[in-house]
Amino acid sequence: MGKLREKYIKEIAPQLQKQYNYKNPMQIPKLEKIVLNMGLGEAIHNIKVLDRAVEELSLIAGQKPVITRARKSIASFKLREGMPIGCMVT
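Residue numbers (our numbering): 166 to 255.
So, in structure tokens, the structure goes:
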């Protein structure tokens, strides 16, 4: 997440310091972790949707996303344990 962290340090943190009149730079809130995820219900029927979502998320984050899989089977959703249903980037 180099791009997002750099933007925060160079642009957002100085604006926060001016807006809230922080005297000490340690008073400015810091980013610890950014998590982006996409849950795709359509991926149950069409796996190509998941491939497209992985491409889009990698463009947004600049990192390769991890495909998330179903933890439990849910019969009413026609979902089985281990089926790919989304993607995420940390």
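Yeah, the Cβ is synthetic: ideal placement off N, Cα and C, and Gly gets one too.
Of the candidates TYR185, ILE177 and LEU222, LEU222 places its Cα closest to the Cα of CYS252. For VAL214, the enclosing alpha helix (DSSP H) has its first and last residue at 213-226. Here PRO230 is buried, its C-beta having at least 16 other C-beta atoms within 10 Å.
With 16 or more other Cβ atoms inside 10 Å of its own Cβ, ILE250 counts as buried. Looking at the DSSP output, MET253 shares a beta bridge with ASN202 and VAL231.
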